Each structure stands twice: as structure tokens, then as C-alpha cells.
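This report refers to the structure that appears directly beneath it.
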Amino acid sequence: MSEDNPYNPTTIRSWAEEDRPREKLLLKGKAALSNAELIAILIGSGTVKLSAVDVAKGIMNAVNNNISELARQGMKDLMKNKGIGEAKAITILAALELGRRRTDHISDKRRIINSSQAVYDEMRQHLQDKSHEEFWIILLNRANEVMKSVAVSVGGISGTVCDPKVVFKLALEHMASSIILVHNHPSGQLTASLQDLNLTKQLKECGMLLDLPVLDHIIFTDKGFLSFVDEKIF
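Each residue of the sequence shown is one higher than the one before, counting from 27 in my numbering.
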């Protein structure tokens, strides 16, 4: 029998109304539901032996009940869980992506970058929960307002390659006045490698020649950041 089969002998209908995820949401509001209960609503059904809530609890247990860890899961990761077939995995991935896009919403008012923390906050929408390295640039106008954040390169778990020609081509095309470099470390390690230092020096020198200053280089992790300027290694 398919794991996505809606038939479920351990039916949630036998539970008290206030304990059923859908009914609980209606009675008490969405904030009253646990992460597992919200996932149970998404997947709709369990297996022959497990209710939808049981399946959802298994998913959360697999990521140590950490919603950020869940956001890093791919299709194959989700399908390792009992009761999750392709259709349910797609539903969960779609819901997580909608949640991510909610944070991507950009107001009409341009954001001013006046600190390394402001850079980190700006880049959360792009780099949070990434399981691979990416190199980005933030393009600023003369008032230090964000014109655009652009991905320059995407790499693997341990690194990515950045081409200086691409960086400054993008900056010149958008008529930027200055740029900030940002790349993430999925490992969470807040240490600049020799490659990071050499690349930063190279880009800073190129920027000086083009009158397009590089203001900082930020190493981004989900739990914090390192600013080359703050650490005086810029």
C-alpha cells in the first residue's frame, strides 16, 4: 500500500476535537499548534500504522525538532522519513519555500547599510539555511542604500569560486557607487581562509582602480557573521 494513501486506520477522527490539528487550529488559532501538527495538516494523512501527526513527529525528530534544520532538507532527505512519499515531500518543500519567500519581501523604501549587522540582516533572506556556499555582492548607491543584492557564484559544501570580472561587470552595469562582498560558510565556521583574504585584497584593489570601493566582506553563517572591517583584517 502506498505511503501517500489517504486510508489510515489510526485515524485522527477518533481523537478529541481539540486535539485534531485542523480543528485545533480553528478553535485555538495557528499559534497553538506545534511544528509537527502544522506539518500533519500539510501532509494530510499517515500510513497504515501511523497517523499524520505521528509521521510529522518523525520528521521533526529526524532534525532534532529544529525548524531551521528542516528548511535545509531536500526531497531525498524528506523521503527517508516513514510515511513520506514524493507528493508529501513536495508539499513540505513548497510550504518551506513560501515561508522563505515571506522573508524575501522587500519594501518600496530602500534599506540603508550603515553597519555590518545591517549587511547580515539584509542577507538573511538570501543565505539563511543554505547547505552550500554562495558568493554575493550588495550594490550600493552614494547614500549607501541597497540598489540590488546579486549572487555571483554558487559552489559546493566547502567552497565557491568568485570571478572579479563578473563582480565588477555587475556593479558597473547597475551604476553602483560601492559594493559589499558576502559569502556564507555552511559549516558555521567564522574564520577567514587564506583564499578569502587573497580574494578580498584582489577585489579591493580592483575597486580602487575603478573608483568603485569595496566597503566590507562579510562571512555569513546561520548563527552569526564575521566582518573583515570589524575584525580589522580588511
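The C-beta atom is built at its ideal place from N, Cα and C for all residues, glycine as well. All values derive from a computational prediction rather than experimental measurement.
Residue j and residue i - do their beta-carbons sit closer together than 8 Å?
| i | j | result |
| --- | --- | --- |
| I67 | P47 | yes |
| N170 | N210 | no |
| K75 | A62 | no |
| V208 | F246 | yes |
| L229 | S204 | no |
| A202 | L236 | no |
| V178 | F194 | no |
| V81 | R136 | no |
| A113 | M105 | no |
| L64 | A97 | no |
| H200 | S175 | no |
| V180 | T186 | yes |
For residue i, count neighbouring C-beta atoms within 10 Å of its own C-beta (all shown protein chains included) and say buried if the count is 16 or more, exposed if not.
| i | result |
| --- | --- |
| S253 | buried |
| Q221 | exposed |
| N90 | exposed |
| Q215 | exposed |
| S219 | exposed |
| E257 | exposed |
| T78 | Reading the sequence as shown, one finds Ala at residue 78 and not Thr. When all chains shown are included, A78 counts as buried. |
| T226 | buried |
Taking just the CA atoms, how far does residue j sit from residue i?
| i | j | result |
| --- | --- | --- |
| E231 | P190 | 11 Å |
| V255 | N87 | 40 Å |
| Q334 | Q154 | With the chain covering 27 to 260 only, the question about residue 334 has no answer from this structure. |
| A57 | I206 | 38 Å |
| K249 | E159 | 15 Å |
| D134 | T73 | Caution is warranted here: a pLDDT of 47 is assigned to D134, below 50, making its placement in the model unreliable, and no coordinate value can be reported. |
| N92 | L198 | 41 Å |
| I244 | N224 | 14 Å |
| M234 | R168 | 16 Å |
| E212 | K108 | For clarity, residue 212 is Pro in the given sequence; the question names Glu instead. Computed Cα separation, rounded: 27 Å. |
| E49 | L238 | 57 Å |
| L59 | I85 | 16 Å |
Would you list the residues sitting across from residue i in a DSSP beta bridge?
| i | result |
| --- | --- |
| N210 | F246 |
| S141 | For S141, which the question treats as bridged, DSSP gives no partner whatsoever. |
| E63 | Bridge partners of E63: none, in fact. |
| L252 | I245 |
| E171 | I138 |
Determine, for residue i, whether the minimum Cβ-Cβ distance to residues of chain C falls below 8 Å.
| i | result |
| --- | --- |
| E257 | No chain C appears in the structure shown, which is made up of a single protein chain. |
Return the Cβ separation of residue i and residue j in integer angstroms, given the expectation that the two are a contact with Cβ distance under 8 Å.
| i | j | result |
| --- | --- | --- |
| I163 | E148 | Between E148 and I163 the Cβ distance is about 12 Å, and since that is not below 8 Å, they are no contact. |
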